[in-house]
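The numbering of the sequence shown is the working numbering, which starts it at 14 and goes up by one. The C-beta atom is built at its ideal place from N, Cα and C for all residues, glycine as well. Notes to accompany the following structure.
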Amino acid sequence: MNILISLGNDIINSFIGQQKKGDISRMFLEYFKKKNYFDEWIKISYINSYISEQNNIILIQPITSIFDINGIRIKNILNYINYNNVIKKNVCIIIPDIYRPIGKYKIKTYVKIHEKLGSDFYNILHANIINHLKDYNYMNLCFGIHNNIQNKDIPTNKSIQTYFKENINEQENKIIHKAFQLANEHLHKLILNTNMITTNFIHHKQKYPAMEPRKNFRKDTSKRRYILDVYKHMYK
């Protein structure tokens, strides 16, 4: 079983009118849901979240804002679906990343607290989650939302909340959609553990044991050879 949890703006204000930058994690989960033909969202009042399930993958959207989410709430969500005793590396928490430019994303297979950032918003969030899950090996999918990465000042909690409420313009939306395509394939590779994916976006090479002969992926060139023979006879 794999679990994807999106954190961002509260759902009450999300998806009404123009999308906000703090909605990006929820936007991706909607994209992932449609691309992979998941069931419709079901509201579970006990954990104050929306849930969708398909092929042993559970998508979860807490209604509460990321600024009001803590480790206890994440743990309660996992307890509700009887996931408390399973290894946390199959849990992926999706967040908007103010330190990363729009159109960029990163999947981390474990979470690290960055000491140089001190009491940074993300440090506090992850430290609280780690403290309650007793594990830092959950995955973290970060989507960039910053369009001015030259500003190196550590943002305050208040400034992040303000930035999360900024509208996503049409050009940014196109860039974000491209990032969603890449992240969807990347995440699909990780959670389904497929041996090989070959698409227009990501190419993962299949690994072979040392003594096993490599499979032949050579394309049929008979048609090309036939055309060359025709030209050869035409200009003989």
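Q67 has its alpha-carbon roughly 29 Å from the corresponding atom of N141. The three-state secondary structure of M40, taken from DSSP, is helix. Beta-bridge partners of L154 (DSSP): I107 and I120. The three-state secondary structure of N144, taken from DSSP, is helix. With a 10 Å radius around the Cβ and a threshold of 16 neighbouring Cβ atoms, Y123 comes out exposed. Residue environment analysis places Q184 among the exposed positions, since fewer than 16 neighbouring C-beta atoms fall within 10 angstroms of its C-beta. Short of 8 Å from the beta carbon of I82, and not among the five residues preceding or following it, lie these beta carbons of its own chain, in chain order: L20, P75 and L138.
For I18, there is no enclosing alpha helix (DSSP H); the enclosing beta strand (DSSP E) covers residues N15 to S19.
By the beta-carbon neighbour count (other beta carbons within 10 angstroms, threshold 16), I111 is buried. With a minimum length of 4 residues, the unbroken runs of alpha helix (DSSP H) contained wholly in the segment 159-202 fall at 170-177. Rounded to the nearest whole angstrom, the CA to CA distance from N186 to I24 is 19 Å. Counting along the chain, I87 sits inside the alpha helix (DSSP H) bounded by residues G84 to Y93.
When rounded, the separation of the alpha-carbon atoms in K56 and Y63 is 4 Å.
For C155 and R113, the gap between their C-alpha atoms comes out near 8 Å.
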